[in-house]
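Heads up: the sequence shown at position 82 corresponds to 772 in this note's numbering, and the numbers run straight through without jumps.
The beta carbon of each residue, even a glycine, is placed where N, CA and C say it ideally should be.
Have a look at the structure below, then the notes.
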Amino acid sequence: MFELIKRAMFTGVGLASMTRDKVEELAKEVSRQADLSEAEAAKFQAELEKRAASAQEDLQKQIDQRVEMVTQRLGIGRAEDVAALSAKVAALSARIEALEEKQGGARHIITEAHG
């Protein structure tokens with residue numbers, strides 16, 4: 691029965707969503723119900739914590755991949771892409787402003803010469 695409980699807990703997203711405290715609580719409860727020795731209970735808890743951490747990492751990777759896929763489909767830029775484009779726009783705006791100032795000064799000189 692203990693093996694069945696163990697396998698059931700290691701599957702699905704449930705384990706990935708558990709906090710460390712909940713994993714510890716669950717391990718203690720299962721250990722008590724399965725009448726495990728202290729050493730077996732500690733080993734079970736360590737294994738459960740390791741699997742929970744691994745499941746959380748796997749879930750996070752899957753979420754990241756899905757978010758990336760959706761943002762690409764929708765044409766939404768990532769934060770670093772938006773920041774890079776903002777920097778380029780700022781640089782181009784500064785160049786345009788500088789050129790307009792030069793051109794404005796040149797127009798003033800031409801107007802004075804003809805006027």
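| Query | Result |
| --- | --- |
| Counting Cβ pairs closer than 8 Å, one from the segment 719-735 and one from the segment 749-760, do we hit at least three? | no |
| By the three-class DSSP mapping on this structure, what secondary structure does T709 have? | coil |
| Determine, using beta-carbon pairs with one atom in the segment 706-717 and one in the segment 734-748, whether at least three such pairs fall under 8 Å. | yes |
| Taking the beta carbon of R742 as the centre, do at least 16 other beta carbons fall within 10 Å, making it buried, or is it exposed? | Looking at the sequence itself, residue 742 is Ala, so the reference to Arg does not match. Buried: at least 16 other Cβ atoms inside 10 Å. |
| Between the C-alpha atoms of A774 and L782, what's the straight-line distance to the nearest angstrom? | 12 Å |
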